[in-house]
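Asks: To convert, note that position 163 of the sequence shown is 215 in my numbering; the numbers rise steadily by one, no gaps.
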Amino acid sequence: MSNQIQAIKGTQDVLPPYGDALRILENTLLELARNRGYSEIRTPVFEATELFSRGVGGTSDIVQKEMYTFMDKGGRSLTLRPEGTAGVVRALLERGLFNEAMPQKLSYIISCYRYEKPQAGRYREFRQFGAECFGASSPAADGELIALVSAIFAALALPIRLEINSIGCPKCRPDYHRALKEYFVKHAENLCRTCQERLERNPLRILDCKSPICGGVAQNAPKGLDYLCKECEVHFSGLQDFLQALSIEYTVNPRIVRGLDYYTKTVFEFITDAIGAQGTVCGGGRYDGLVEELGGGSLPAIGFAMGLERLELLLQASGKKPPIPAPCTLYIVPMGDAATKYAASLCEKLRSSGVHAQFDLMVRSVKAQMKYAGKIGAAYTAVLGGDEMSAGKVIIKRMSDGERFELGLEGFVEEILRISG
Ligand code: HAM
């Protein structure tokens with residue numbers, strides 16, 4: 053055991069049959085997004101480091117402390133994606149998607165990498181389901197995107213609360229930054245070292261600091277909503293009208309600022325208290341300046357990402373499990389070499405008609421095979437030997453109650469489809 057290699061801290065293995073259940077869950081999410089016009093995009097796991105330092109932003113914790121960055125053999129600095137939005141914007145620009153009809157709605161399921169201190173709900177490798185909508189600047193786009201997240205939680209019957217805020221735009225934010233700076237300078241000696249640095253570079257980040265002392269100081273800090281320009285104010289009230297029209301409950305929380313630098317105007321989080329300290333299951337917002345920041349033209353955008361491990365924790369905490377697909381329908385127990393070959397071809401026929409069928413691969417005794425069929429949860433078994441093959445009939449055993457009945461090998465697939473409904 054001593055020289056056995058262990059998984060890296062902060063990573064997880066998904067074991068069967070849970071992996072199948074997760075795949076069904078992921079398909080449900082993608083399907084709900086597809087119903088609203090979101091089409092799946094896939095981008096690389098690693099990108100040029102500069103994409104994230106420019107995209108996610110130099111003052112974010114992600115870029116400052118959490119990226120898995122390495123030099124490749126060609127001497128380029130590469131980074132494992134800490135989030136999905138920057139890569140999607142890079143692809144949009146590089147592949148000319150911005151020339152397509154707008155809005156462009158893109159969804160994804162990806163793995164992300166952040167060097168954070170692992171704990172329940174916080175990992176170094178984690179998965180996100182995300183959606184990004186490009187081209188639409190109206191509050192209707194914000195409302196529709198938030199409605200997608202609400203629909204997901206409703207479809208999974210999960211309780212959650214929505215908190216929204218507006219953090220303004222490049223026009224009004226400098227005023228707010230100034231007010232924040234003036235306020236925090238007065239309390240500078242109480243701030244942690246990181247926040248003292250943030251004071252100079254981006255005082256907004258102090259509002260997001262995890263230290264309870266900085267949190268206490270931030271309680272009485274000026275609120276961004278009091279500094280919004282007319283355009284941001286109208287946008288924010290337009291979003292609220294939209295949410296009300298869709299009967300989506302929300303609260304305005306001026307403390308929500310989000311940990312990434314690209315946001316403008318709307319920011320939002322879906323939060324639960326049921327899974328411990330890492331209760332933000334989903335976060336997102338508008339990022340009207342990111343496409344330009346990454347070298348494109350002016351293109352408004354809004355998106356979100358949902359942490360899938362946190363979604364799973366919430367499912368567990370709510371006593372729900374992602375549905376596990378039905379196990380094996382028919383397990384064929386062959387006796388001897390010829391019967392094994394016959395069983396193999398019978399299984400292929402069943403499988404091509406969508407039946408989950410298996411047969412013995414281990415040359416085991418009938419008893420051991422029956423035991424295995426029970427362990428994998430097979431609904432029916434059929435013992436197949438020379439006699440059955442020559443008679444053209446097999447005895448089927450229903451495993452739930454031991455009931456046995458005969459089926460002809462002629463028209464066998466149709467019969468199995470009929471009995472397994
Ligand atoms: P984010 O808030 O950094 O936003 O991450 C989104 C979600 O990913 C979080 O709410 C959380 O559920 C999950 N998450 C983040 N870090 C971890 C971790 N270490 N372990 C487990 N789960 C984690 C973004 O990533 C933005 N790209 C969202 C977005 C898309 N904004 C606009 N478009």
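We treat Cβ as the ideally placed atom computed from N, Cα and C, and that holds for glycine. Here the structure is a predicted model, which is why all the values come from computation and not from measurement.
Out of curiosity, what's the CA-to-CA distance linking K233 and C284?
Replies: Their backbone Cα atoms lie some 21 angstroms apart in a straight line.
Asks: If you draw a straight line from the C-alpha of K372 to the C-alpha of C266, how long is it?
Replies: So the two alpha carbons sit approximately 37 angstroms from each other.
Asks: Does the count of Cβ pairs from the segment 115-126 and the segment 60-67 closer than 8 angstroms reach three?
Replies: No: fewer than three Cβ pairs fall under 8 angstroms.
Asks: Determine the burial state of A209: buried for a count of at least 16 other Cβ atoms within 10 Å of its Cβ, exposed for fewer.
Replies: So A209 ends up on the exposed side.
Asks: Can we count Y302 as close to the ligand HAM, meaning its CB is less than 7 angstroms from some heavy atom?
Replies: No.
Asks: Within 7 angstroms: the Cβ of Y339 and any heavy atom of the ligand HAM?
Replies: True, at least one ligand heavy atom lies under 7 angstroms from that Cβ.
Asks: Mind checking which residues open and close the beta strand (DSSP E) that includes F457?
Replies: Residues 456-460.
Asks: Quick check: is any heavy atom of the ligand HAM less than 7 angstroms from the C-beta of Q410?
Replies: Incorrect: Q410 has no Cβ contact closer than 7 angstroms to the ligand HAM.
Asks: Does the Cβ of N79 have 16 or more other Cβ atoms within 10 Å, making it buried, or fewer, making it exposed?
Replies: Answer is exposed; the Cβ neighbour count stays below 16.
Asks: Got a sec: does the ligand HAM put a non-hydrogen atom nearer than 7 angstroms to the Cβ of V309?
Replies: Checking the Cβ of V309 against the ligand HAM gives no.
Asks: Which residue's Cα is closest to the Cα of Y315: P352, F322, C334?
Replies: The candidate whose alpha carbon is nearest that of Y315 is P352.
Asks: Taking the alpha carbon of K262 as the reference point, which residue from C247, N272, N254, L251 has its own alpha carbon closest?
Replies: When each option's Cα is compared against that of K262, the closest is C247.
Asks: Where does P264 fall in DSSP's three states?
Replies: Reduced to three states, the DSSP call for P264 is helix.
Asks: Distance check for Q330 and K169, CA to CA, integer angstroms please.
Replies: Rounded to whole angstroms, K169 to Q330 spans 12 angstroms at the Cα level.
Asks: So V319 and I204 are supposed to be a Cβ contact under 8 angstroms. How far apart are they, rounded?
Replies: So it is not a contact: roughly 19 angstroms between Cβ atoms.
Asks: Check whether the Cβ of G110 sits closer than 7 angstroms to any heavy atom of the ligand HAM, and report yes or no.
Replies: No.
Asks: So the beta strand (DSSP E) G220 belongs to, where does it begin and stop?
Replies: No beta strand (DSSP E) holds G220; DSSP gives it neither H nor E.
Asks: Would you say the beta carbon of G336 comes nearer than 7 angstroms to a heavy atom of the ligand HAM?
Replies: Within the cutoff, so yes.
Asks: Report the residue from F98, E467, S159, S417 whose alpha carbon sits nearest the alpha carbon of T381.
Replies: Among F98, E467, S159, S417, the Cα nearest to that of T381 is on E467.
Asks: Output the distance between the C-alpha atoms of V41 and I471, rounded to the nearest integer angstrom.
Replies: Here the chain comprises residues numbered 53 to 473, so residue 41 is not present and cannot be evaluated.
Asks: By Cβ distance, which residues of its chain are closer than 6 angstroms to D340, with the 5 residues on each side in sequence left out?
Replies: So the qualifying residues of the chain are T316, P352.
Asks: Are there 16 or more other CB atoms within 10 angstroms of the CB of I258, so buried, or fewer, so exposed?
Replies: Result: buried.
Asks: Hey, would you say the C-beta of E361 is under 7 angstroms away from at least one heavy atom of the ligand HAM?
Replies: At least one heavy atom of the ligand HAM is nearer than 7 angstroms to the Cβ of E361, so yes.
Asks: Given the structure, does F181 come close to the ligand HAM, in the sense that its CB is under 7 angstroms from one of the ligand's heavy atoms?
Replies: Because no heavy atom of the ligand HAM lies under 7 angstroms away, the Cβ of F181 does not count as near it: no.
Asks: As a quick exercise: from A357, G444, P274, pick the residue whose alpha carbon is nearest that of A391.
Replies: Nearest of A357, G444, P274 to A391, Cα basis: G444.
Asks: Could you tell me the distance, in whole angstroms, from the CA atom of A183 to the CA atom of E458?
Replies: Cα-Cα distance, rounded: 52 angstroms.
Asks: Only counting the same chain, and skipping five residues up and downstream in sequence, which positions put a Cβ closer than 6 angstroms to that of L30?
Replies: Because the chain spans 53 through 473 in this model, residue 30 falls outside it and cannot be assessed.
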